[in-house]
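Chemist: Residue 1092 is where the sequence shown starts when you use this note's numbering, and the numbers rise one by one after that.
Positions of the beta carbon are idealized from the N, C-alpha and C atoms, including for glycine.
Quick caveat, the model's predicted, so the values are computed rather than measured.
There's a structure below that I have some questions on.
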Amino acid sequence: MTTYHFIGIKGTGMSALAQILKDSGEDVQGSDIEKRFFTQEALERKNIPIMPFSKDNIKEGLTIIAGNAFKEDHEEIQEAKRLGLTYYRYHEFLGEWLKQYTSIAVTGAHGKTSTTGLLAHVLKETYPISYLIGDGSGMGHAESKYFAFEACEYRRHFLAYEPDYAIMTNIDFDHPDYFQSIDDVIDAFQQMAYQVKKGIIACGDDEYLQKLQANVPVLYYGLSDTNDFQAQNITETDHGTTFDVFVRNTFYDTFTIPGYGTHHVLNALGVIALCHYEDMKAEDIKKISTFTGVKRRFTEKQVGTQVLVDDYAHHPKEIEVTIESARKKYPDKQVIAIFQPHTYSRTQKFLQEFADSLKKADKVFLCDIFGSAREKNGNLTINDLIDRIEGASLLELENTDILKQYEESVLIFMGAGDIQKFQQSYEAGLKQTKQ
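Have a look at this one:
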């Protein structure tokens, strides 16, 4: 029996996949940089060894799974190739692993993680399942009927998969360091659509998804009455959002979800449509109401009179819907946006769109641009964005206590980099003040 060695095990997808293999009875270990990541906790809980990067980690008998953030010249990848070990990239291995199950890929420019989490929650309440969520959560089960997983379009990695079903949430231009244009993105999703084996559940309110061709049935969901699955009578309550679902204009049932905002209703509709297609009973699908959310997606914490929110939003559309969620859930509070742009190429491409979406908050603080592993610097600075937002301020890590003045407010810390360190610094300062 082999041991699976994960190069870059703290990555969100890698961490989730490592947990799935461990739960399925495999021997698993991994390596990464020594900085602590939020994905580590789950790995440690499952006693998965994590080592610092070193070519000495690579030994005979290992099967290697390398994260996509690492280039071929990485010392561990080089050593694995020198020893002639079985070697996969993350998406290649996942493409092979999911063939054992009825697989459901969740893909789209936005909403993948939340929708995968919602789908996994509903299926898990009724069946033994395996799932891989892009927040670093993963679970395997030897008797799994379904495998629900997040499928990312970046570098067309999702073309390594041939799922039974796909839920497609939307198509939008992102990852400008790879995709040339919106047409390039549409082309990738079109290729993915042709690889689906049983059926596609797509948001019919998205103009690009409406144009997709497929060799399998396509069911559309959304708010407009042209969709196969439509949400009507949407009402917000203290407990979340309630709406009626109509299947081809015939009333099906009423559902409640804990989230706020149109995007949450759409994500839930996609899950309801898939489960209905798979003949699940309405009372089982209604367990959608007990979903507690995924990591880093509107993750809330009450601190004094403030509500602190941690969110992965790193694209203008995601910022917009996150602020909308805060406004709908807390209509009487001010919304303070604290945003760290992720990658220079994305910041440059969407500079004005970022400004426009952030302006929907009552006050904006910006943190320095986070350069990813694939690009360390660029020609613009955070001041290029600050200059486009009236009243925006730069937030320094040493001076987060400036946020204390916003009592009775919602503070949303947004970004895909290390924005959490600003929230942690702020909370640490609050604790010291109390002492």
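Could you give the distance in angstroms between the alpha-carbon of Tyr1368 and the alpha-carbon of Ala1107?
Modeler: Cα to Cα, Tyr1368 sits roughly 27 Å from Ala1107.
Chemist: With Gly1199 and Asn1261 assumed to form a contact (beta carbons below 8 Å), what rounded beta-carbon distance in angstroms separates them?
Modeler: With a Cβ gap of about 5 Å, Gly1199 and Asn1261 count as contacting.
Chemist: Would you tell me roughly how many angstroms separate the C-alpha atoms of Glu1534 and Arg1388, rounded to the nearest one?
Modeler: Since the first residue shown for the chain is 1092 and the last is 1526, residue 1534 is missing from the structure and cannot be characterised.
Chemist: Taking only three categories from DSSP, how would you classify Ile1376?
Modeler: In the structure shown, Ile1376 sits in a helix (DSSP, three-state: H, G or I).
Chemist: Are there 16 or more other CB atoms within 10 angstroms of the CB of Tyr1285, so buried, or fewer, so exposed?
Modeler: Exposed: under 16 other Cβ atoms inside 10 Å.
Chemist: Once DSSP output is grouped into helix, strand and coil, what is the label at Cys1294?
Modeler: Strand at Cys1294.
Chemist: Which residue from Gly1099, Glu1125, Phe1382 puts its Cα closest to that of Phe1346?
Modeler: The option with the nearest alpha carbon to Phe1346 is Phe1382.
Chemist: Let me check one thing: in DSSP terms, what residues is Phe1461 bridge-paired to?
Modeler: Its beta-bridge partners are His1433.
Chemist: For Lys1419, which of helix, strand or coil comes out of DSSP?
Modeler: If DSSP states are grouped into helix, strand and coil, Lys1419 belongs with the helices.
Chemist: Can Ala1322 and Val1356 be called in contact, C-beta distance under 7 Å?
Modeler: Yes, Cβ-Cβ distance for Ala1322 and Val1356 is below 7 Å.
Chemist: Name, in chain order, the residues that DSSP records as bridge partners for Thr1333.
Modeler: Answer by DSSP bridge pairing, in chain order: Thr1326, Thr1347.
Chemist: Should Tyr1179 and Gly1158 be called a contact, given that it needs their Cβ atoms to be closer than 7 Å?
Modeler: Against a cut-off of 7 Å, the Cβ pair of Gly1158 and Tyr1179 comes out as no contact.
Chemist: Measure how close the beta-carbons of Glu1499 and Lys1419 come, nearest whole angstrom, since I'm counting them as under 8 Å.
Modeler: That pair is no contact at about 17 Å.
Chemist: Any chance the region 1481 to 1498 sits against the region 1508 to 1518, with 3 or more Cβ pairs inside 8 Å?
Modeler: At 8 Å Cβ cutoff, the stretches touch.
Chemist: Between Glu1187 and chain C, is the shortest Cβ-Cβ distance under 7 Å, so that the two count as touching?
Modeler: The displayed structure is made up of one protein chain only, and chain C is not part of it.
Chemist: What is the residue span of the beta strand (DSSP E) that Ser1194 lies within?
Modeler: Segment 1193 to 1198, the beta strand (DSSP E) holding Ser1194.
Chemist: Quick one: measure Cβ to Cβ for Val1398 and Ile1414, integer angstroms, because I've assumed they're closer than 8 Å.
Modeler: Between Ile1414 and Val1398 the Cβ distance is about 13 Å, and since that is not below 8 Å, they are no contact.
Chemist: Just checking my contact of Ala1507 with Tyr1403 at CB under 8 Å: how many whole Å lie between their CB atoms?
Modeler: About 6 Å; that satisfies the 8 Å criterion.
Chemist: Confirm, please, whether the CB-CB distance from Ala1251 to Gly1186 is below 7 Å.
Modeler: Cβ atoms of Gly1186 and Ala1251: closer than 7 Å.
Chemist: Looking at the unbroken alpha helix (DSSP H) that takes in Gln1169, where does it start and where does it end?
Modeler: Its alpha helix (DSSP H) spans residues 1166 to 1173.
Chemist: Relative to the alpha-carbon of Phe1270, which residue among Gln1393, Glu1244, Gln1281, Lys1137 has its alpha-carbon at the smallest distance?
Modeler: Considering only alpha carbons, the answer is Glu1244.
Chemist: Which residue comes first and which comes last in the beta strand (DSSP E) that contains Val1400?
Modeler: 1397 to 1402 is the span of the beta strand (DSSP E), which, as asked, contains Val1400.
Chemist: Just how far apart, CA to CA, sit Phe1264 and Ala1359?
Modeler: Each residue's alpha carbon lies about 23 Å from the other.
Chemist: Under three-state DSSP, which class holds Met1092?
Modeler: The answer is coil: DSSP assigns Met1092 none of H, G, I, E or B.
Chemist: For Val1197 versus Ile1100, is the C-beta spacing smaller than 7 Å?
Modeler: Not a contact, by the Cβ cut-off of 7 Å.
Chemist: Please report the straight-line C-alpha distance between Leu1134 and Thr1177, rounded to a whole angstrom.
Modeler: Going by the C-alpha atoms only, they are around 23 Å apart.
Chemist: Tell me which residue opens and which closes the beta strand (DSSP E) that Phe1240 is part of.
Modeler: Counting along the chain, the beta strand (DSSP E) containing Phe1240 begins and ends at 1237 to 1241.
Chemist: So is Ser1087 buried or exposed if we call it buried at 16+ other beta carbons inside 10 Å?
Modeler: This structure gives no information on residue 1087, because the portion of the chain shown stretches from 1092 to 1526.
Chemist: Measure the alpha-carbon distance for Asp1089 versus Asp1459 and round it to whole angstroms.
Modeler: Because the chain spans 1092 through 1526 in this model, residue 1089 falls outside it and cannot be assessed.
Chemist: Just how far apart, CA to CA, sit Lys1450 and Pro1432?
Modeler: Between Lys1450 and Pro1432, the C-alpha separation is close to 15 Å.
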